[in-house]
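Reviewing the structure listed below.
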Amino acid sequence: DTGVSQDPRHKITKRGQNVTFRCDPISEHNRLYWYRQTLGQGPEFLTYFQNEAQLEKSRLLSDRFSAERPKGSFSTLEIQRTEQGDSAMYLCASSLGAGFSYNEQFFGPGTRLTVL
Amino acid sequence: EDQVTQSPEALRLQEGESSSLNCSYTVSGLRGLFWYRQDPGKGPEFLFTLYSAGEEKEKERLKATLTKKESFLHITAPKPEDSATYLCAVQTYSGTYKYIFGTGTRLKVLA
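Structure (structure tokens):
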């Protein structure tokens, strides 16, 4: 399968714990995006990388959230000191683009986080 | 403030009953409008990109159109397997890129 993969698919944690999610993009894609989606809402942009550089961060991404993309391949999203409001589906997407090119983003299956 | 609004929120159709979903936007520096399909518990699946007013794209029973203020997703003779949430998204650029999704239209097609 050459699509975007995410791991784990489901995560249940207790409030205050740290969690880390992984995303493996489509191999030739240089751009990688993280979104958060709650029930009945569209995905909300969190951050995006072009290769290993984090180029944009939403103000939704508080200092408890950190994302990395070492070597421009897979990416991790860490949430520290989780809160119940962090419960959501975390989606990763990737695309191929440069400069002002248009971005057709291909999404992974998501990681569903439940904070108790 | 950039905004993307989709209507209706939910739509029930009989199999074969054609209809249209609307995505209206108020953004600066539009760089593209995208339609996605999302099934429950899954990530969005890319359908179409539209770049400029007057453009149209088709795929099976779906046709997407774009004007300067809105986009329509026309569904012709839908089947139950077309049931899903349809999301519209815009990419804008005004110094930095933004990717803004609407809240979606939940479509249910009854056999």
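These protein sequences, in sequence, are chains A and B. The working numbering numbers the first residue of the first sequence as 4 and each following residue consecutively. The working numbering numbers the first residue of the second sequence as 6 and each following residue consecutively. Using N, Cα and C, we set each Cβ at its ideal position, and we do this for glycine too. Model, not experiment: these values are computed from the prediction.
Asked                                                                                                                       : Found
Contact between the segment 12 to 20 of chain A and the segment 42 to 53 of chain A (3+ Cβ pairs under 8 Å)                 : no
Cut-off 6 Å between Cβ atoms - residues of its own chain near SER12/B, not counting five sequence neighbours on either side : ASN27
For GLU63/B, three-class secondary structure by DSSP                                                                        : strand
Distance CB(GLY43/A)-CB(THR70/B) smaller than 8 Å                                                                           : no
Coil, strand or helix - GLY37/B by DSSP                                                                                     : strand
LEU16/B vs THR101/B beta-carbon contact at 8 Å                                                                              : no
Check whether VAL118/A and THR79/A have beta carbons under 8 Å apart                                                        : no
For LYS60/A, the nearest candidate out of LEU35/A, PHE110/A and PRO28/A (CA to CA)                                          : LEU35/A
Beta-carbon proximity list for GLY21/B, same chain, < 6 Å, skipping 5 on both sides                                         : ALA82
ALA96/A: first and last residue of the uninterrupted beta strand (DSSP E) it sits in                                        : 91 to 98
Collapsed DSSP secondary structure at GLN87/A in the structure displayed                                                    : helix
Cβ distance (whole Å) where THR97/B is taken to contact LEU38/B below 8 Å                                                   : Going by Cβ atoms, the distance from THR97/B to LEU38/B rounds to 10 Å, so no, they are not a contact pair.
Close Cβ partners of PHE68/A (< 6 Å) along its chain, the five nearest in sequence each way excluded                        : ILE82
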